[in-house]
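Engineer: Residue numbers (our numbering), protein chains in the order written: chain A, 1 to 160; chain B, 161 to 251; chain C, 252 to 380.
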Amino acid sequence: MIREQEDIIIQTVCRIFIPFMQVYSLYVLAHGHGSPGGGFQGGCIFAASFVLMSIIYDLNEVKRRFAERFSVFLASLGVFIFAGMGWLCLFLGGNFLDYGVLSTILPVDPVMARYYGIAAIETGVQITVMAIMVSIFLNLLTGGLHEKDVEQAYVRVNNQ
Amino acid sequence: MKKLLGIALALAALILLLHGIEDLPPWADPHQPASVHVSPRYIERSVEETAVPNIVTAVLADYRGYDTLFETAVIFTAGVAVLMILRRFMP
Amino acid sequence: MLESIISNYNYWVFIILLVVGLYSMMTKNNLMKKLIGMNIFQWAIILFFISVGAKRGATVPVIAGAHGHDTHTLVARAAEYVNPLPHALMLTAIVVGIATTGIALALLVAIYKRYNTIEEDEVIEALKK
């Protein structure tokens, strides 16, 4: 069990840091086309903000936001976005992951269609990386008791 | 005993690797074989084909997008594997 | 022969890191230290790969001046930009390393819960019984 920190300096600093880190991760994702960045880097920074939240604040709060079903759902959603873009290009007549044929449904020319295809799949990669990193961290921290309510998990373990 | 064997094997690996770097091309040479065959094509034709200035993102997500798809699948599998190792199942 | 080894002096750093990781994987008794040795080994390989793609007098592989409207007349010479292929391939390698380390840590937690120790010889002793 992690006790909430009672030092007011740490709490105040982290209250400013955590939203800043999350917005910064979205900035890194969105500017991945013009400066070093992209999906993987943004996902890691987003997950780091949740790790900071679970160290400083109450662990049950983070477990309430990131229940196990939600984490696995987000991870599957990211892979589905990526593979779904590939299948969409296949249905529109091109090869798998050939973003040039997206110009038939979007009102842009084939060069900009590849630009938007790259932006879409980077979003999918960010969602998956973020969900899996928070899930691995919470599983390692609680030793498998990644439940919403810790008392319920303790009762179930003692009854086994 | 195990420590001596470990030190001997590590020294043998060190000597073999130092012997192997004499065949490598000089460092930061513009004419080495790694920078001659396919990467000039990526550098020169990246902006006109994809309109993305960052060549690494264009290579990772457009020219080699298949690798990135399966690498996302790898990290998803790792998350599921950690879940399965540590979870206690009810009988 | 000796001069070609000394002129490629940048590869020495990666070879020494690799041998440190290999030694730590082979001789340490604690399972956590073996895992850290494996991580050091893998990072040495990743850094070696990235250093192969360097070019003398070249800059970051982001094409400058491609945000405006005259991208049709933009000429990008291959000698001005660093080889982008090792960077892209090593991003994949880093993520695979994270996956491997995560699963190895989960296995360590499971071993500790089962045998209540994390030293290698004590685990082998408990397995023989």
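We treat Cβ as the ideally placed atom computed from N, Cα and C, and that holds for glycine.
Leaving out five residues on either side along the sequence, give the residues of the same chain with a beta carbon under 7 Å from the beta carbon of Pro-110/A.
Structural biologist: Counting only Cβ-Cβ distances below 7 Å, and skipping sequence neighbours, we find Gly-100 and Ser-103.
Engineer: Using a Cβ-Cβ cut-off of less than 7 Å, give me the residues of the stretch 121–136 of chain A that come near chain B, in sequence order.
Structural biologist: Ile-121, Glu-122, Val-125, Thr-128, Val-129, Ile-132, Ser-135 and Ile-136
Engineer: With DSSP run on the structure shown, which of helix, strand or coil describes Tyr-332/C?
Structural biologist: strand
Engineer: In three-state DSSP terms, what is Val-313/C?
Structural biologist: strand
Engineer: Pro-19/A: which of Ser-49/A, Ile-56/A and Gly-94/A sits nearest, CA to CA?
Structural biologist: Ser-49/A
Engineer: So which residues on chain A does Ile-215/B lean against when the C-beta distance must stay under 7 Å?
Structural biologist: Result: empty, since nearest Cβ-Cβ is about 11 Å, beyond 7 Å.
Engineer: In whole angstroms, give me the CA-to-CA distance for Gly-93/A and Gly-84/A.
Structural biologist: Computed Cα separation, rounded: 14 Å.
Engineer: For Lys-279/C, which residues of its own chain have a beta-carbon under 6 Å away from its beta-carbon, when the five flanking residues on both sides are left out?
Structural biologist: Lys-285
Engineer: Thinking Gly-38/A and Gly-78/A are a contact (beta carbons under 8 Å), I'd like their distance in whole angstroms, please.
Structural biologist: 14 Å between Cβ atoms; not a contact.
Engineer: From Leu-59/A, Ala-67/A, Ile-81/A and Ser-71/A, pick the residue whose C-alpha is nearest to that of Thr-228/B; which is it?
Structural biologist: Ile-81/A
Engineer: Here's a check: name, in chain order, each residue in its chain whose Cβ is nearer than 6 Å to the Cβ of Val-51/A, leaving out the five neighbours to either side.
Structural biologist: Phe-137
Engineer: Is Ser-35/A close to chain C? Criterion is C-beta to C-beta, closer than 8 Å.
Structural biologist: yes
Engineer: Go through its chain and collect everything with a Cβ distance to His-31/A's Cβ below 6 Å, but skip five positions before and after it.
Structural biologist: Gly-37
Engineer: Whole angstroms are fine: how far does the CA of Asp-189/B sit from the CA of Arg-201/B?
Structural biologist: 18 Å
Engineer: Counting Cβ pairs, one atom from each stretch, are 3 or more of them under 8 Å apart for the stretch 255–273 of chain C and the stretch 239–250 of chain B?
Structural biologist: no
Engineer: Between the alpha carbons of Glu-231/B and Asp-58/A, how many angstroms are there, rounded?
Structural biologist: Approximately 33 Å, taken between the alpha carbons.
Engineer: Under DSSP, the alpha helix (DSSP H) around Gln-293/C begins and ends at which residues?
Structural biologist: 282–303
Engineer: Does the beta-carbon distance from Tyr-115/A to Ala-211/B come in below 8 Å?
Structural biologist: yes
Engineer: Can you pull the chain B residues whose beta carbon is under 7 Å from the beta carbon of Val-264/C, in chain order?
Structural biologist: Under the 7 Å cutoff, chain B gives no residues; its nearest Cβ is about 11 Å from Val-264/C.
Engineer: For Asn-367/C, name the three-state secondary structure that DSSP assigns.
Structural biologist: coil
Engineer: Count the C-beta pairs between the stretch 163–171 of chain B and the stretch 266–278 of chain C that are closer than 8 Å, then say yes if the count reaches three, no if not.
Structural biologist: With a cut-off of 8 Å on Cβ pairs, the stretch 163–171 of chain B is in contact with the stretch 266–278 of chain C, counting three or more such pairs.
Engineer: Assuming Val-311/C contacts Val-333/C under a Cβ cut-off of 8 Å, what Cβ separation, rounded to an integer in Å, is found between them?
Structural biologist: The C-beta distance from Val-311/C to Val-333/C rounds to 7 Å, short enough to meet the 8 Å contact threshold.
Engineer: Alpha carbons only, please: which of Asn-139/A, Arg-65/A, Ile-132/A and Leu-141/A is nearest the one belonging to Thr-237/B?
Structural biologist: Ile-132/A
Engineer: Can you give me the start and stop residues for the alpha helix (DSSP H) that Arg-206/A sits inside?
Structural biologist: Within the shown structure, residues of chain A are numbered from 1 to 160, placing residue 206/A beyond reach of any answer.
Engineer: On the CB-based measure, 16 or more other CB atoms within 10 Å of its CB, does Lys-63/A come out buried or exposed?
Structural biologist: So Lys-63/A counts as buried.
Engineer: Would a C-beta distance cut-off of 8 Å place Ile-354/C and Ile-362/C closer than the cut-off?
Structural biologist: no
Engineer: Consider the Cβ of Ser-45/A: report whether some Cβ of chain B lies at a distance smaller than 8 Å.
Structural biologist: What sits at residue 45/A in the sequence shown is Ile, not Ser. Any Cβ of chain B closer than 8 Å to the Cβ of Ile-45/A would place that residue at the interface, and such an atom is absent.
Engineer: How big is the Cα-Cα spacing for Asn-367/C and Ala-377/C?
Structural biologist: 10 Å
Engineer: Going along the stretch 335–348 of chain C in order, which residues come within less than 7 Å of chain D, judged by CB to CB distance?
Structural biologist: Here the protein chains are A, B and C, and chain D is not one of them.
Engineer: Determine, for Arg-114/A, whether the minimum Cβ-Cβ distance to residues of chain B falls below 8 Å.
Structural biologist: yes
Engineer: Looking at C-alpha atoms only, which residue of Arg-15/A, Phe-40/A and Ile-16/A is the closest neighbour of Tyr-27/A?
Structural biologist: Phe-40/A
Engineer: Extract the residue ranges of the alpha helix (DSSP H) inside the stretch 55–98 of chain A, only unbroken runs of 4 or more that lie entirely within it.
Structural biologist: 59–65 and 68–91
Engineer: Would you give the residue range spanned by the alpha helix (DSSP H) that Ile-107/A belongs to?
Structural biologist: The sequence shown places Pro at residue 107/A, not Ile. Here Pro-107/A belongs to no alpha helix (DSSP H), and DSSP marks it neither H nor E.
Engineer: Taking the alpha carbon of Ile-45/A as the point to measure from, which residue in Gly-34/A, Leu-29/A and Ile-56/A has its own alpha carbon closest?
Structural biologist: Nearest of Gly-34/A, Leu-29/A and Ile-56/A to Ile-45/A, Cα basis: Leu-29/A.
Engineer: What is the DSSP secondary structure of Asn-214/B, counted as helix, strand or coil?
Structural biologist: In the structure shown, Asn-214/B sits in a strand (DSSP, three-state: E or B).
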